[in-house]
Every structure is written in C-alpha cells, then in structure tokens.
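> Numbering (this note's numbering), first residue to last: 5 to 289.
No residue lacks a Cβ here, since even glycine has one placed at the ideal position from N, Cα and C.
Since we're looking at a predicted model, the values are computed, not measured.
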Amino acid sequence: MAESYLVLRYEVIIFYFIEILKIKLFDVKLLSERFQLLLLPLSVELLAVSIFVLVLSLLSLSDELTIDCQYSVRSHWTVTNVYQCTGRINFIGDPQNITAVTDNHTGRNNSDVLGLVIQNQITGFIPKNIDQFFPNLISLSFIGTGIESLYSSDLKVFPNLTQIDFTNNLIRQLNFHVFDENLALMAINFQSNPLVHIGHGVFDVLNRLVSINTVGTCHSIRTVLFEIPNFYQFCPASFPMIETEILTGENFDKAVDKKISRSLSDFYAEKKDEDDSLIVSEPRK
C-alpha cells in the first residue's frame with residue numbers, strides 16, 4: 005500500500021513538472037510552493053530520478069518549431085484567390101528551423117499552398133525550412149513580427165515569389181543582391197519599417213516589379229516606380245554595406261586581376277624603357 009502511494013505521488017510530480025515546462029513556468033520558487041507537500045516524503049534517490057526524467061522531457065520539448073495553419077482560399081494585397089496558410093509559429097524549442105506544419109487540409113496538400121501569412125506575432129526573423137513544407141509559395145507575408153534583417157538566403161528558397169509583405173517590422177537596411185534570386189517579384193511592401201540604407205541597384209534586377217510600398221521609411225512612396233532611383237539618394241548604402249560589397253561582390257576578383265595586370269604592364273614598360281636607355285647610352289668600341 006505504501007509503495008503504491010509512493011509511486012502515485014511520483015507520477016503526480018512528474019506530471020506537474022512537465023506541465024510547468026510546457027507553459028514555461030520552470031521557476032524554483034514556484035516549484036517549492038506547489039510541490040512542498042509532495043516532495044517531503046520522497047527520498048533523495050527518487051528526487052534524482054525525477055530530475056533526470058525532467059531533463060529528458062525538456063530535451064524532447066526543445067527540438068520543435070512548428071506552424072499552426074488555418075488553410076483557406078484568400079486574397080492578400082496583389083495576390084488574389086490563392087490557397088493560403090494563415091499561421092502562427094509555435095516556439096517550443098529550436099529557434100531557427102521549422103520541423104512541422106499542421107496537416108489539416110481538405111482535398112489539398114502542402115504543395116497546393118501558395119500563400120503564407122504570419123501576422124502580429126514577434127518572431128524576430130524568418131524561420132528556416134519553410135520551403136520544405138511549402139515549396140510553391142508565390143506570396144510571403146510577415147507583418148508586425150519584429151524582423152530586423154532580411155537576407156537573400158531567406159528569399160531565394162522561394163523562386164516563384166511574386167509578392168512579399170514585410171509591413172511594420174524593424175528592417176533597417178536592404179543589402180546588395182537581396183532580390184537577385186527572386187526575379188519574378190511584382191509587388192514589395194516595406195511600409196512602416198525604420199529603413200535607412202539600401203544597396204545601390206537593389207531593385208534594378210526586378211524587371212516585373214509593378215508595385216512598391218515604402219510609406220513610413222527613408223523614402224516614403226507608394227506604387228511610384230519612377231521614384232525608385234531616388235532611394236539611393238534618400239537611403240544611401242552604409243559604409244559597412246559598401247565595404248562588404250567591394251570585398252565579396254562578384255566583380256571583386258575581376259577588379260583585382262585588372263589592377264594586377266595594369267601594375268605588371270606599367271612595371272614591364274618601365275623596365276623596357278630602362279633597358280632601352282642603357283643600350284642607347286652604352287659607348288661604341
């Protein structure tokens with residue numbers, strides 16, 4: 005009887021510990037207040053086993069980053085009537101990679117999803133691996149999510165994108181070549197971002213671009229494409245951006261080779277002039 009009672013108390017403790025981990029209330033003071041009566045009769049060995057089980061539970065819980073989707077045919081900005089996931093990201097553990105999405109489709113599957121909207125949830129970044137679940141996205145929207153930086157690697161995994169919407173985030177700069185792998189883009193929205201630096205020519209590769217919204221940034225425009233060249237006046241690239249572009253840009257090797265070739269040509273030309281002058285000045289015998 006006593007043994008059964010002890011096992012029961014043990015199971016209750018493990019249950020409560022795991023529930024606390026799930027709701028992120030792992031706090032020593034809280035544990036002491038909640039489990040004071042439960043812990044008193046337990047031996048040191050049993051407590052050690054409990055802690056071990058809790059660690060295993062924590063590890064198992066810290067390997068997931070998922071998207072809960074509500075699937076429906078909807079329109080968002082310039083993209084109309086597409087099968088879309090309006091989702092919320094669950095931060096259970098892994099802070100970078102999506103490991104699962106909800107699969108509650110009706111007559112469709114993940115490959116049919118053309119739009120993804122994450123809105124009013126602070127993520128701070130675009131998670132990786134979304135393309136493993138939604139490879140055919142044409143519309144990507146992270147609105148009011150606290151994103152601070154946007155990289156080419158975030159976008160190039162979605163080569164079919166025609167629209168991106170990053171309204172009301174914290175993006176301060178657009179690096180050179182950020183859109184080089186997304187040539188199908190037709191609409192871009194950076195409204196209400198603290199955008200101050202834009203790499204020169206960043207929009208020049210987008211021949212299909214027909215709509216751009218940067219209201220509330222360093223160059224406040226809405227769908228006025230002839231204003232795009234003025235971005236580089238109002239939102240000049242920062243020195244670190246220029247330095248990185250010079251050192252890592254695709255033309256850097258060519259520039260170095262050209263400089264070396266020119267230096268060698270000048271060197272050999274000078275040497276030839278010296279040799280010629282020596283020949284001329286040498287007295288005849």
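(1) Assuming the contact rule is C-beta atoms closer than 8 Å, Ile134 and Thr149 should be a hit. Round their C-beta distance to whole Å, please.
(2) Checking 8 Å against the spacing of the C-beta atoms, do Phe180 and Glu249 come in under that value?
(3) Leaving out five residues on either side along the sequence, give the residues of the same chain with a beta carbon under 7 Å from the beta carbon of Asp184.
(4) Tell me the rounded alpha-carbon separation between Asp169 and Thr110.
(5) Measure the alpha-carbon distance for Tyr236 versus Leu144 and round it to whole angstroms.
(6) Classify Ile246 as helix, strand or coil using the three-state DSSP reduction.
(7) Look at the alpha carbon of Ile4 and the alpha carbon of Ala241, and state the distance between them as a whole number of angstroms.
(8) Using alpha carbons as the reference points, say which of Asp116, Pro198, Ile202, Phe138 lies closest to Asn173.
(9) Which residues bound the alpha helix (DSSP H) around Ile134?
(10) Where Ile192 and Thr103 are concerned, what is the direct C-alpha to C-alpha distance, given to the nearest angstrom?
(11) Can you check whether the CB of Gly119 is closer than 8 Å to the CB of Val86?
(12) With 16 as the cutoff for other CB atoms within 10 Å, does Phe230 come out buried or exposed?
(13) Could you tell me the boundaries of the beta strand (DSSP E) in which Lys143 lies?
(14) Whole angstroms is fine: what's the gap from Leu189's alpha carbon to Arg212's?
(15) Relative to the alpha-carbon of Asp72, which residue among Trp81, Ser196, Val214, Gln88 has its alpha-carbon at the smallest distance?
(16) For Asn234, does the count of other Cβ atoms within 10 angstroms reach 16, so buried, or fall short, so exposed?
(17) From Glu274 to Val219, what does the alpha carbon distance come to, in whole angstroms?
(18) Using the C-alpha atoms, what's the distance from Arg112 back to Val228?
(19) Report all residues from its chain with a CB closer than 8 Å to the CB of Leu165; omit the five preceding and five following residues, and keep chain order.
(20) Got a sec, what are the start and stop residues for the alpha helix (DSSP H) Leu174 sits in?
(21) Count the other CB atoms, across all protein chains shown, that sit within 10 Å of the CB of Phe243; report buried if there are 16 or more and exposed otherwise.
(22) I think Tyr202 touches Gln177, with their Cβ atoms under 8 Å apart; what is that distance to the nearest whole Å?
(23) Out of Thr221, Ile225, Arg226, His204, point me to the one whose CA is closest to Glu247's CA.
(24) Inspect the beta-carbon positions of Asn114 and Phe137 and report whether they are closer than 8 Å.
(25) Reducing DSSP to helix, strand and coil, say where Asn85 ends up.
With the given structure in hand:
(1) Ile134 to Thr149, Cβ: 13 Å. No contact.
(2) yes
(3) Ser156, Val209
(4) 27 Å
(5) About 25 Å.
(6) helix
(7) Here the chain comprises residues numbered 5 to 289, so residue 4 is not present and cannot be evaluated.
(8) Pro198
(9) Under the DSSP assignment, Ile134 falls in the alpha helix (DSSP H) whose first and last residues are 134 to 137.
(10) 28 Å
(11) yes
(12) exposed
(13) As written in the sequence, residue 143 is Ser, which differs from the Lys given in the question. Residues 143 to 147.
(14) Arg212 has its alpha-carbon roughly 6 Å from the corresponding atom of Leu189.
(15) Among Trp81, Ser196, Val214, Gln88, the Cα nearest to that of Asp72 is on Gln88.
(16) Per the 10 Å Cβ criterion, exposed.
(17) 58 Å
(18) 38 Å
(19) Same-chain partners within the cutoff: Leu141, Ile142, Ser143, Leu144, Leu159, Asn186, Ala188, Leu189.
(20) Per DSSP, Leu174 belongs to no alpha helix (DSSP H) and is neither H nor E.
(21) With fewer than 16 other CB atoms across the displayed protein chains lying within 10 angstroms of its CB, Phe243 is exposed.
(22) Correcting the residue type first, residue 202 is Ile in the shown sequence and not Tyr. That belief holds up - the Cβ atoms of Ile202 and Gln177 are roughly 7 Å apart, short of 8 Å.
(23) His204
(24) yes
(25) strand
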